[in-house]
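Enquirer: Below is a structure I'd like to ask you about.
Structural data, given as structure tokens:
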């Protein structure tokens with residue numbers, strides 16, 4: 482059974498993954514738009530769409546919406562801070578000698 486914290490983390494991971502590059506260097510939010518996927522002048526300029534395709538994550542609708550999708554930037558920040566804290570705590574834990 483998942484805790485509420487686990488559920489929040491999973492929802493955050495799913496929402497941020499729409500905007501992050503996958504293992505092939507492509508962002509789901511850009512869908513099949515090659516200019517945004519591969520052009521060095523456009524590939525790192527993220528648009529916050531009004532809606533997202535349920536299967537692919539591609540952005541649809543207005544591309545200037547910064548309402549609820551703007552919260553993704555805060556989730557990314559929190560995720561990065563959380564990972565940094567985890568690494569610091571792990572590094573601070575003494576390892577028992579055998």
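Numbering (this note's numbering), first residue to last: 482 to 579.
Each residue gets a CB set at the ideal place from its N, CA and C atoms; glycine is no exception.
1. Alpha carbon to alpha carbon, how far is residue 528 from residue 553? Give it in angstroms, no decimals.
2. Tell me, please, which residues DSSP counts as bridged to residue 541.
3. Once you ignore the five residues that flank residue 586 on each side, which residues in its own chain have a CB closer than 7 Å to its CB?
4. Mark residue 488 as exposed unless 16 or more other C-beta atoms lie within 10 angstroms of its C-beta, in which case mark it buried.
5. How long is the line joining the alpha carbons of residue 539 and residue 503, rounded to whole angstroms?
Expert: Once the coordinates are examined:
1. For the purposes of this step, residue 553 is taken as the residue at position 72 of the chain shown. For the purposes of this step, residue 528 is taken as the residue at position 47 of the chain shown. Between residue 553 and residue 528, the C-alpha separation is close to 12 Å.
2. Residue numbering aside, residue 541 sits at position 60 when the chain shown is read from its first letter. Residue 541 is bridged to 532.
3. For residue 586 there is no data in the structure shown, the boundaries of the chain being 482 and 579.
4. Taking the chain shown and counting its residues from 1, one reaches residue 488 at position 7. Counting Cβ neighbours within 10 Å, residue 488 comes out exposed, since fewer than 16 surround it.
5. Mapped onto the chain shown, residue 539 falls at position 58. Mapped onto the chain shown, residue 503 falls at position 22. For residue 539 and residue 503, the distance between alpha carbons rounds to 13 Å.
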